[in-house]
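All remarks here apply to the structure that follows.
Structural data, given as structure tokens:
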């Protein structure tokens, strides 16, 4: 295992990205586990007059509920400043990357609260946090495997003109995905070209600018039917990963 890690991870410069992704995934899983247990304990019925015994509870300072995104922001700031200032090298760069991933997970787990400037953690709007986390995991995994940040690298072309044409085409497909109302597909597609290509060729979301301008009644009905099924599957994944909204 040590030889494989040294050759394929540390030797290729992927070690910080790997440990960042590990910290991110583990911290998110543990955070959701804890918050779901706190919610279950809060909703558990208690006999009248009996004290509510709850081992896990929200953190409050001076009567103010301190959301875990605050601790995440602190971790991001501290680890980022240490890395940028000292660039300590192995193994401390990997340690800082791990802690950076933990901080990012704590922040993105409450992404919906930042977006709505409201405590919507267990509301339907709170599922945006799960979307942000899953999208980050996909993008991080793609970059860890060595994909170019824009899906196209110098090795893919024999000349500068060919490279330019590949980049323009690839980014164009990603933009089409965005106009078709498939923003996550567009973002993942920037890193993984085949995702952008497939997303650009398939039906647009019925509420997208593309569909409003280009779809007639029958094609719009097909788009609605397809995305109703797609949204139902996505909702089941969200509930499984993040817990069902209240």
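Residue numbers (my numbering): 1 to 246.
All C-beta atoms in this analysis are idealised placements derived from N, C-alpha and C, irrespective of residue type, glycine included.
Quick test of your reading: residue 16 and residue 97, contact by CB under 8 Å. State the CB separation rounded to the nearest angstrom. Walking along the chain shown from the start, residue 16 turns up at place 16. Walking along the chain shown from the start, residue 97 turns up at place 97. With a Cβ gap of about 4 Å, residue 16 and residue 97 count as contacting.
Residue 247 burial status per 10 Å Cβ neighbour count (16 or more: buried): Any property of residue 247 remains undetermined from this structure, which presents the chain solely from 1 to 246.
Are residue 138 and residue 108 close, meaning C-beta to C-beta below 8 Å? The residue labelled residue 138 in the question sits at position 138 within the chain shown. The residue labelled residue 108 in the question sits at position 108 within the chain shown. Taking 8 Å as the Cβ cut-off, residue 138 and residue 108 do not qualify as a contacting pair.
If contacts are defined as beta-carbon pairs under 8 Å, then residue 72 and residue 104 qualify, I think. What distance do you get, rounded to the angstrom? Counting from 1 along the chain shown, the entry for residue 72 is found at position 72. Counting from 1 along the chain shown, the entry for residue 104 is found at position 104. Their Cβ separation, rounded to whole angstroms, is 7 Å, which keeps residue 72 and residue 104 in contact under 8 Å.
Put residue 66 into one of helix, strand or coil per three-state DSSP. Taking the first residue of the chain shown as position 1, residue 66 is located at position 66. If DSSP states are grouped into helix, strand and coil, residue 66 belongs with coil.
Should residue 171 and residue 210 be called a contact, given that it needs their Cβ atoms to be closer than 8 Å? Your numbering for residue 171 matches position 171 in the chain shown. Your numbering for residue 210 matches position 210 in the chain shown. No, the Cβ-Cβ distance between residue 171 and residue 210 is not below 8 Å.
Buried or exposed (CB count within 10 angstroms, at least 16 for buried), residue 214: Counting from 1 along the chain shown, the entry for residue 214 is found at position 214. By the 10 Å Cβ count, residue 214 comes out exposed.
Report, in whole angstroms, the separation of the C-beta atoms of residue 190 and residue 174, which I expect to be a contact under 8 Å. Here residue 190 refers to the residue found at position 190 of the chain shown. Here residue 174 refers to the residue found at position 174 of the chain shown. 5 Å between Cβ atoms; contact.
DSSP on residue 60, reduced to helix/strand/coil? Counting from one through the chain shown, the residue named residue 60 turns up at place 60. In the structure shown, residue 60 sits in a strand (DSSP, three-state: E or B).
Three-state class that DSSP yields for residue 243 in the structure shown: Start at 1 with the first residue of the chain shown, and residue 243 comes out as number 243. Note: residue 243 maps to coil in three-state DSSP.
Roughly how many angstroms lie between the CA atoms of residue 88 and residue 13, to the nearest whole one? One-based indexing of the chain shown puts residue 88 at position 88. One-based indexing of the chain shown puts residue 13 at position 13. Whole-angstrom Cα-Cα distance: 14 Å.
Residue 116 - containing alpha helix (DSSP H), residue span: Taking the first residue of the chain shown as 1, we reach residue 116 at position 116. First-last of the alpha helix (DSSP H) with residue 116: 111-116.
Counting C-beta neighbours from all protein chains within 10 Å, is the total for residue 203 16 or more, i.e. buried, or is it exposed? Taking the first residue of the chain shown as 1, we reach residue 203 at position 203. Burial call: buried.
Let me know if residue 240 comes out buried or exposed under the rule of 16 or more other beta-carbons within 10 Å of its beta-carbon. On the chain shown, position 240 is the one that residue 240 refers to. Per the 10 Å Cβ criterion, exposed.
Determine the contact status of residue 66 and residue 74, defining contact as a CB-CB distance below 8 Å. What you label residue 66 is simply residue 66 of the chain shown in a count that begins at 1. What you label residue 74 is simply residue 74 of the chain shown in a count that begins at 1. No, Cβ-Cβ distance for residue 66 and residue 74 is not below 8 Å.
So is residue 84 buried or exposed if we call it buried at 16+ other beta carbons inside 10 Å? Position 84 of the chain shown, counted from the first residue, corresponds to residue 84. That one is exposed.
Among 220, 80 and 102, which residue has its Cα nearest to the Cα of residue 26? Translated into positions along the chain shown, residue 26 becomes position 26. Answer by Cα proximity: 102.
Helix, strand or coil for residue 181? Go by DSSP, reduced to three states. For this step, residue 181 is matched to residue 181 along the chain shown. Correct three-state label for residue 181: coil.
Please work out which residues of its chain come closer than 8 Å, Cβ to Cβ, to residue 247, disregarding the five sequence neighbours upstream and downstream, and give them in chain order. What the structure shows of the chain is the stretch from 1 to 246, and residue 247 is not part of that stretch, so it cannot be assessed.
Helix, strand or coil at residue 16 [DSSP, three-state]: The residue given as residue 16 occupies position 16 in the chain shown. Residue state, collapsed to three classes: helix.
State buried or exposed for residue 121, treating a residue as buried only when at least 16 other CB atoms are found within 10 Å of its CB. Position 121 of the chain shown, counted from the first residue, corresponds to residue 121. When all chains shown are included, residue 121 counts as buried.
Take residue 41 as the anchor and find which of 57, 32, 48 and 201 has the nearest alpha-carbon. Numbered from 1 along the chain shown, position 41 holds the residue referred to as residue 41. Answer by Cα proximity: 57.
When you compare the CB positions of residue 217 and residue 127, do they come within less than 8 Å of one another, or not? As a position in the chain shown, residue 217 is number 217, starting the count at 1. As a position in the chain shown, residue 127 is number 127, starting the count at 1. Not a contact, by the Cβ cut-off of 8 Å.
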